[in-house]
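**Q** After the structure tokens below, expect a handful of questions from me.
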Amino acid sequence: MPTLSNPSEIAREALRQLALRRVAPTPDNYRKLYHEIAGTRPDDDALPEAFVRKLARRLPRDNAERQRHGHQLDQALADGRSKAAEAALERYLESLKLGEPQAWNELIGNLLRQWEARQTGWTPARKREALDRVLGAADPAALYTRLQGLLKSWTQAMTDADALAVEVADVADDPAERASAGAGAGIARQAVPARTATTGPAAPPTIDTATVDALRELVTISLGEALPPLLEEHPPLRETAATLCAEAASRSEAAGLREIGTRLRVFARELELAAADEAEIRAGMLELLRMLLRNIDDLVLDDRWLAGQIEMLREIVDSRPDPRKIDDAGRRLKELIYKQGQLKHTLAQSQRHLRDMLAGFVDQLARFSESTGAYHDRIGQCAQRIAQANDITEIGPLLDEVMTETRSIQDEARRSRDELIVARSQAAEAQERIVTLQNELEEASRLMRHDQLTGALNRRGLEEMFQTESARAQRRGTRLAVALLDIDHFKKLNDSLGHKVGDDALVHLAKVVRQHLRPQDVLARYGGEEFVILLPETGDTDAQQALIRLQRELTREFFMADLQKVVITFSAGVTRLAEGESLESALKRADGAMYQAKQAGRNRVMVAPLPDNET
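If you're matching positions, the sequence shown starts at 76 in the working numbering and goes up one per residue.
What follows is the structure, given as structure tokens:
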């Protein structure tokens, strides 16, 4: 048999030999003949490719390294590169080798020691929050490394604190003084040498007058200004803070500050206990509220009227407390209670009217029954008199009486039928009205201050949120940016694709904007294709960058209209709210900037600066 080198010729010859030798056309027989014709040696030890692929899919990929090697193995198998697949498998097996055993006992011991120790800037609450984040990691294999990193940060904070040998530096570690610890530590590090190991007790270091004055000012600011607003519910602690503040203000030397150091540490522990009590009370109240919401679900058979309130309260209870969310929930509940009160009053009237109609229907049936009973009695009497009559002349008046009674009962039946038809029509109208009111109650539970099409706030909701955010910005001394955006070529979109597509485009825009805004930002539909965005704690430059990012995201997420990709863009104007300025004034300035963006070519964001007298 001649030796062939072309794979196609070898394959054809193998098939021909299968037919000539009358061998069953199985893959194994074909493989043997192929190698025989090609003059090669079959690899009998090779595993079936399907088995290797299945094995590769089931390999554990519990960390980043194994995921990378597993992906390389899958890619090599898919491309048919056996050498690359073998190398990727070897690298994967190398990653399975166990390293040095992790010293969990030592790690947990250090964790407990550092938990009980005091570090600069690490309160028990902050430690607990950091530990919760580490324990909540999605990758359990990285837990040891992340715990080591957390312990390192605690230890580093403790090392920094040891560099301050002054007693007053310990005061800055207390919860009451933590806000001033950063500045005080910087002053103390310049004035105080590092603590050194000595055989005898170290003498108190000498601190210059400027450092003492700075530390005293930090202590008095913390005790006299920072803490009192937080201690409204704890009058004894507030009095203690005021006393310590007065004493600290009267001390002009370092020795005087050292004297109140012990009392400050005791006060700090009292603050910590009070904070723990408040946290426990808050957790208990939240659990009671959760139980109440669950009980409402169990007791109220038809809770469609309450669905909006219950869902909103659950969202607040299950998330991190936020003053904005609580304020918004309070306003929505007030509006909802008022609206539902009106609707429930109308609903009660409709139900009462329906009950009155049913009662009238029963009375009518009773009267009709009495009429028919009297009719049967009179007809029976007439029949008896007819049976007793001896002369035909006596029957005539009796027949007239029977006809009169029959016509009377016929008129009564017709009148009852007409009244029943009217009552049935009124009952149907009342039932329809009840269903309508119930639907309005359900809708009121969901929509009170929101635009029905896009789900964004309407003008009323925007005005209320502006009042809240502007007051909060003025109270905190922060900035509030106002942005007005308008969809480009919206009229052309409506004319070419229809108003239904235009509405869908508005919904798409609102959805994309909400997805990429911060939780505290506010989106409202101002009218038509115009939207307003309130950006708390944001200047006009940062707001401009945020709107530009929204434009990029909007161009990435295509809007589909009848299987046609439509790119939606918007032009926007941004301005910063001046102190005491109204929403209308800010929007007028933002509208001017938006007009400039339209004139500049659309799909742009322009900034409207504050007037010269407001900057």
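Just so it is clear, CB atoms sit at the ideal spot from N, CA and C, and this is done for glycine as well.
Given that a residue counts as buried once 16 or more other Cβ atoms are within 10 Å of its Cβ, and exposed if not, what is Ser-297?
**A** In the sequence shown, the residue the question calls residue 297 occupies position 222. Buried, by the Cβ-count rule.
**Q** Whole alpha helix (DSSP H) runs in the stretch 528-564 with 4 or more residues, listed along the chain?
**A** Under the rule that a run must span 4 or more residues, the alpha helix (DSSP H) segments found entirely inside the stretch 528-564 read 534-551.
**Q** Would you call the stretch 288-303 and the stretch 314-325 touching, i.e. three or more CB-CB distances under 8 Å?
**A** Here the stretch 288-303 lies against the stretch 314-325, with 3 or more beta-carbon pairs under 8 Å apart.
**Q** What's the gap between the Cα of Gly-573 and the Cα of His-525?
**A** As a first step, residue 573 must be located in the sequence shown, where it is residue number 498. As a first step, residue 525 must be located in the sequence shown, where it is residue number 450. If you take the alpha carbons of Gly-573 and His-525, they lie about 24 Å apart.
**Q** Where DSSP assigns a beta bridge to Thr-650, which residues make up the other side?
**A** Numbered from 1 along the sequence shown, position 575 holds the residue referred to as residue 650. Paired residues: Val-557 and Ala-683.
**Q** Check His-309 in the structure and name its three-state DSSP category.
**A** If you number the sequence shown from 1, residue 309 lands on position 234. In the structure shown, His-309 sits in coil (DSSP, three-state: anything other than H, G, I, E or B).
**Q** Take the Cβ of Asp-563 as the centre, count every other Cβ of all protein chains shown within 10 Å, and call the residue buried at 16 or more, exposed below.
**A** For this step, residue 563 is matched to residue 488 along the sequence shown. Buried, by the Cβ-count rule.
**Q** CB Ala-668 to CB Gly-648, shorter than 8 Å?
**A** Along the sequence shown, one-based indexing puts residue 668 at 593. Along the sequence shown, one-based indexing puts residue 648 at 573. Yes, they are a contact pair.
**Q** Excluding sequence positions up to five away, which residues of its chain have a Cβ less than 8 Å from the Cβ of Ile-401?
**A** On the sequence shown, residue 401 is found 326 positions in, with the first residue counted as 1. If we look at Ile-401 and ignore the five residues flanking it on each side, its Cβ neighbours are Ile-391.
**Q** Pairs of beta-carbons, one from the stretch 553-571 and one from the stretch 492-502, closer than 8 Å: are there three or more?
**A** no
**Q** Can you find the residues in the same chain that come closer than 8 Å, C-beta to C-beta, to Arg-132, ignoring five residues on each side of it along the sequence?
**A** The residue labelled residue 132 in the question sits at position 57 within the sequence shown. The answer, listed in chain order, is Asp-149.
**Q** Indicate whether Ala-672 and Ala-683 have their beta-carbon atoms separated by less than 8 Å.
**A** Translated into positions along the sequence shown, residue 672 becomes position 597. Translated into positions along the sequence shown, residue 683 becomes position 608. No, the pair does not count as a contact, with Cβ atoms beyond the cut-off.
**Q** Going by C-alpha to C-alpha distance, which of Leu-364, Ala-358, Glu-314 and Leu-367 sits closest to Glu-345?
**A** The count along the sequence shown starts at 1 and reaches residue 345 at position 270. For Glu-345, the closest C-alpha among the options Leu-364, Ala-358, Glu-314 and Leu-367 is that of Glu-314.
**Q** I think Leu-302 touches Ala-349, with their Cβ atoms under 8 Å apart; what is that distance to the nearest whole Å?
**A** Locating residue 302 in the sequence shown gives position 227, counting from the first residue. Locating residue 349 in the sequence shown gives position 274, counting from the first residue. Contact doesn't hold; Cβ gap of about 11 Å is too wide.
**Q** If contact is defined by three or more beta carbon pairs under 8 Å, each pair taking one atom from either stretch, is the stretch 651-666 in contact with the stretch 625-642?
**A** no
**Q** Just tell me which of Val-588, Phe-645, Glu-612 and Thr-616 has its CA closest to the CA of Asp-561.
**A** Reading the sequence shown from its first residue, position 486 is the one you call residue 561. Per the Cα distances, Phe-645.
**Q** Work out the CA separation of Glu-539 and Gln-619 for me, nearest whole Å.
**A** Translated into the one-based positions of the sequence shown, residue 619 becomes position 544. Translated into the one-based positions of the sequence shown, residue 539 becomes position 464. Rounded to the nearest angstrom, the two C-alpha atoms are 24 Å apart.
**Q** Tell me, please, whether the CB atom of Arg-143 is closer than 8 Å to any CB atom in chain C?
**A** The structure shown has no chain C; it contains just one protein chain.
**Q** In angstroms, rounded to a whole number, what distance separates the CA positions of Arg-338 and Ile-356?
**A** As a position in the sequence shown, residue 338 is number 263, starting the count at 1. As a position in the sequence shown, residue 356 is number 281, starting the count at 1. Rounded to the nearest angstrom, the two C-alpha atoms are 27 Å apart.
**Q** Where does Arg-600 fall in DSSP's three states?
**A** By 1-based counting over the sequence shown, the position of residue 600 is 525. Reduced to three states, the DSSP call for Arg-600 is strand.
**Q** Count the other CB atoms, across all protein chains shown, that sit within 10 Å of the CB of Asp-431; report buried if there are 16 or more and exposed otherwise.
**A** Position 356 of the sequence shown, counted from the first residue, corresponds to residue 431. It counts as exposed.
**Q** With contact counted as at least three CB pairs below 8 Å, one residue from each stretch, are the stretch 607-619 and the stretch 507-515 in contact?
**A** no
**Q** Among Gln-223, Asp-207, Asp-154 and Ala-151, which residue has its Cα nearest to the Cα of Asn-180?
**A** On the sequence shown, position 105 is the one that residue 180 refers to. Closest by alpha carbon: Gln-223.
**Q** Terminal residues of the continuous alpha helix (DSSP H) containing Ile-296?
**A** Stepping through the sequence shown from its first residue, residue 296 is reached at position 221. 284-296 is the extent of the alpha helix (DSSP H) around Ile-296.
**Q** By DSSP's criteria, Glu-300 is part of a beta bridge. Which residues make up the other side?
**A** Translated into the one-based positions of the sequence shown, residue 300 becomes position 225. In DSSP, Glu-300 forms no bridge with anything.
**Q** According to DSSP, which residues form a beta bridge with Val-497?
**A** Against the sequence shown, residue 497 aligns to sequence position 422. For Val-497, which the question treats as bridged, DSSP gives no partner whatsoever.
**Q** Identify every residue that forms a DSSP beta bridge with Leu-629.
**A** Mapped onto the sequence shown, residue 629 falls at position 554. For Leu-629, which the question treats as bridged, DSSP gives no partner whatsoever.
**Q** So, is Ser-463 buried or exposed, given that buried needs 16 or more other C-beta atoms within 10 angstroms?
**A** What you label residue 463 is simply residue 388 of the sequence shown in a count that begins at 1. Checking the sequence, you will find Gln at residue 463 rather than Ser. Exposed is the call here.
**Q** Note down, in chain order, each residue of its chain lying with its Cβ closer than 6 Å to the Cβ of Ala-151, except the 5 sequence neighbours on either side.
**A** By one-based count along the sequence shown, residue 151 stands at place 76. These residues qualify, in order along the chain: Ala-159, Ala-160 and Ala-163.
**Q** Which residues mark the beginning and the end of the alpha helix (DSSP H) in which Ile-112 is found?
**A** As a position in the sequence shown, residue 112 is number 37, starting the count at 1. Taken as a continuous stretch (DSSP letters only), the alpha helix (DSSP H) holding Ile-112 covers 102-113.
**Q** What residue range does the beta strand (DSSP E) around Pro-611 cover?
**A** Position 536 of the sequence shown, counted from the start, is the residue given in the question as residue 611. Run containing Pro-611: 605-611, per the beta strand (DSSP E) assignment.
**Q** Please identify the residue among Asp-486, Ile-85 and Ser-228 whose C-alpha is closest to the C-alpha of Lys-19.
**A** The question about residue 19 has no answer, for the chain in this structure spans 76 to 690.
**Q** Considering only residues of the same chain and omitting the five flanking positions on each side of Gly-299, which have a CB-CB separation below 6 Å?
**A** As a first step, residue 299 is located in the sequence shown; it is residue number 224 there, counting from the start. Sequence-distant Cβ neighbours of Gly-299 in its own chain, meaning closer than 6 Å and more than five residues away, are Cys-320.
**Q** Suppose contacts are defined by Cβ-Cβ distances below 8 Å. Is Phe-541 in contact with Leu-609 by that definition?
**A** Position 466 of the sequence shown, counted from the first residue, corresponds to residue 541. Position 534 of the sequence shown, counted from the first residue, corresponds to residue 609. In contact: Phe-541 and Leu-609 (Cβ atoms closer than 8 Å).
**Q** Would you check if the distance between the CB atom of Leu-186 and the CB atom of Leu-226 is smaller than 8 Å?
**A** Mapped onto the sequence shown, residue 186 falls at position 111. Mapped onto the sequence shown, residue 226 falls at position 151. The answer is yes: Cβ separation under 8 Å.
**Q** Could you give the DSSP three-state label for Ala-636: helix, strand or coil?
**A** Mapped onto the sequence shown, residue 636 falls at position 561. Note: Ala-636 maps to strand in three-state DSSP.
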